[in-house]
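Numbering (the working numbering), first residue to last: 46 to 186.
Working notes, beginning with the structure itself.
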Ligand code: SF4
Ligand code: SF4
């Protein structure tokens with residue numbers, strides 16, 4: 046059984062890449078399923094998954110992870126890793142919906158994302174509220 050599960054897992058990336066174009070979908074974590082185990086983190090080929098700040102999750106002993114949306118390349122690898130190994134807490138959602146609900150503009154490249162400081166424009170407490178209210182249907186499907 047274990048052999049079957051691991052056979053369908055993506056490999057760890059051999060090196061860390063960078064976004065070269067804006068993807069159609071980006072990954073989003075549902076905190077209700079995410080234990081903060083960080084199993085998904087080493088699978089991401091652009092290293093854009095990180096723990097949420099404790100300040101926004103003081104009601105939990107371990108905060109869930111979040112995706113730095115503007116660095117995500119939409120590869121879906123984290124979705125498979127979380128689904129196969131842990132709690133099925135990640136979905137791919139349309140990039141334009143992320144832009145609308147989080148009131149951000151996603152960049153075309155990693156360099157632009159850093160320059161635009163997109164991640165800094167998202168308040169973690171607001172992000173929690175937005176994720177839980179606007180995107181829940183993705184986990185109900
Ligand atoms: S593997 Fe899943 S449950 Fe674990 S931290 Fe990543 S998203 Fe959360
Ligand atoms: S979809 Fe790919 S790039 Fe985006 S967070 Fe998941 S593993 Fe990283």
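Every residue, glycine too, gets a C-beta built ideally from N, C-alpha and C.
All figures in this text were calculated on a predicted structure; none of them were measured in a lab.
Cβ contact annotation for residue 138 (same chain, cutoff 7 angstroms, sequence separation greater than five): 70, 71, 73, 180 and 183, in chain order. Straight-line spacing of the CA atoms in residue 144 and residue 126 works out to 25 angstroms.
Not a single heavy atom of ligand 2 lies less than 7 angstroms from the C-beta of residue 79. Checking the 7 angstroms criterion, the Cβ of residue 164 is out of range of every heavy atom belonging to ligand 2.
For residue 136, the enclosing beta strand (DSSP E) begins and ends at 135-139. In the three-state reduction of the DSSP assignment, residue 163 falls in the helix class, which pools H, G and I.
Residue 96 and residue 76 have their alpha carbons spaced roughly 11 angstroms apart. For residue 83, no alpha helix (DSSP H) run applies, since DSSP gives it neither H nor E. Apart from the 5 residues on each side of it in sequence, residue 132 sits with its Cβ closer than 7 angstroms to the Cβ of 78, 79 and 80 in its chain, given in chain order. Taking a 10 Å sphere around the C-beta of residue 116, we find 16 or more other C-beta atoms and assign the residue as buried.
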